[in-house]
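Student: Per our numbering, residue 116 is the first one in the sequence shown, and the count goes up by one each step.
Note that beta-carbon positions come from the ideal geometry of N, C-alpha and C, so glycine has one too.
Sharing a structure below in C-alpha cells format, with a few things to ask.
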Amino acid sequence: MRSISLAWVLVCCLAAVTACGGSDDVRANEVNVSRHGEAFSHHTGENCVSCHREGGEAKGWFTVSGTVYMPDLEMVHANTTVRLFQLPSGAGQAVGIIEVDANGNFFTTAALDLRGGLYPAIYSSTASKQKALITTDGACSSCHGVNVDRLSVE
C-alpha cells in the first residue's frame, strides 16, 4: 500500500511539473554560442535579439550578439574574436570572450552582467579594435549598422 501511495505522489508531481513548464521557458535554458568555423548562423547584420530573447521565436536568449565586418563595411570578417572588458582600451582581464563564426556573426547565451557596463574589443589575427565608450546593451546590431557604423576590424 505504501509503495502505491508513493508511486501515486511521484506521478502527480511529475504531471504538475510537466503542466507548469511552458515550451517558451525551455528555450531560455538552451545554450547557443558562436564558434570559429561554424556557419549555422543567419540574418547577418540584423539585430539577433529581436528573436533570441525572452518570448522570442529563436533558440536561446542572447546576452551579446552582432556581426563583424571588414574595414570596407560590406564583407563580413569571419573567425575573429570579441572580448568584453571591465576597463577601457582592452585593459585588464576579459570577462567575456566570444568567437565570431564563419558568417561574421557572434552570439552567446552565457550569463554576462552588462548592468555596470563593459568595454568591447574585436580581435583578428592581425589587428584589434577597442570601443572607447562603455556599453550596457549586448544587442550590438541594434545600433551598429543602424545609426552608427558597423563593427569592423582589419
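V183 by DSSP, collapsed to three states: which one?
Tutor: Taking the first residue of the sequence shown as 1, we reach residue 183 at position 68. Three-state result, V183: strand.
Student: Using the three-state DSSP reduction, which class does V164 fall into: helix, strand or coil?
Tutor: Your numbering for residue 164 matches position 49 in the sequence shown. Reduced to three states, the DSSP call for V164 is helix.
Student: Spell out the partners DSSP gives R198 in its beta bridges.
Tutor: Walking along the sequence shown from the start, residue 198 turns up at place 83. DSSP lists I212, A236 as partners of R198.
Student: Can you give the Cα-Cα distance for D264 and G232, rounded to whole angstroms?
Tutor: Position 149 of the sequence shown, counted from the first residue, corresponds to residue 264. Position 117 of the sequence shown, counted from the first residue, corresponds to residue 232. If you take the alpha carbons of D264 and G232, they lie about 20 Å apart.
Student: When we look at the beta-carbon of M190 and count the other beta-carbons within 10 Å, is it buried (16 or more) or exposed?
Tutor: Residue numbering aside, residue 190 sits at position 75 when the sequence shown is read from its first letter. Flag for M190 reads exposed.
Student: Whole angstroms are fine: how far does the CA of T178 sit from the CA of S138?
Tutor: Position 23 of the sequence shown, counting from 1, holds the residue named residue 138. Position 63 of the sequence shown, counting from 1, holds the residue named residue 178. Summary for S138: the model assigns pLDDT 46, below 50, so the residue's position carries little reliability; its value from the coordinates is reported in the next sentence. Computed Cα separation, rounded: 20 Å.
Student: When the Cα atoms are used, what is the spatial distance from N218 to H192?
Tutor: Along the sequence shown, read from residue 1 onward, the residue named residue 218 stands at position 103. Along the sequence shown, read from residue 1 onward, the residue named residue 192 stands at position 77. Roughly 8 Å separates the two Cα atoms.
Student: Using DSSP bridges, identify the partner residues of H356.
Tutor: The requested residue 356 does not occur in the structure, where the chain is confined to residues 116 to 269.
Student: With a threshold of 16 other CB atoms inside 10 Å of the CB of G175, please say whether the residue is buried or exposed.
Tutor: Position 60 of the sequence shown, counting from 1, holds the residue named residue 175. When all chains shown are included, G175 counts as buried.
Student: Does the count of Cβ pairs from the region 209 to 216 and the region 142 to 157 closer than 8 Å reach three?
Tutor: The answer is yes - the region 142 to 157 touches the region 209 to 216, with three or more Cβ pairs under 8 Å.
Student: Reducing DSSP to helix, strand and coil, say where S149 ends up.
Tutor: For this step, residue 149 is matched to residue 34 along the sequence shown. Coil at S149, not helix or strand.
Student: Taking the alpha-carbon of H259 as reference, which of A226, Q201, S243, L188 has the nearest alpha-carbon?
Tutor: By 1-based counting over the sequence shown, the position of residue 259 is 144. H259 has its Cα closest to that of L188, out of A226, Q201, S243, L188.
Student: Kindly list the residues whose CB is nearer than 7 Å to the CB of T159, restricted to its own chain and excluding five residues on each side of it in sequence; keep chain order.
Tutor: Position 44 of the sequence shown holds residue 159. Only T182, V191, N218, G219, N220 meet the Cβ criterion.
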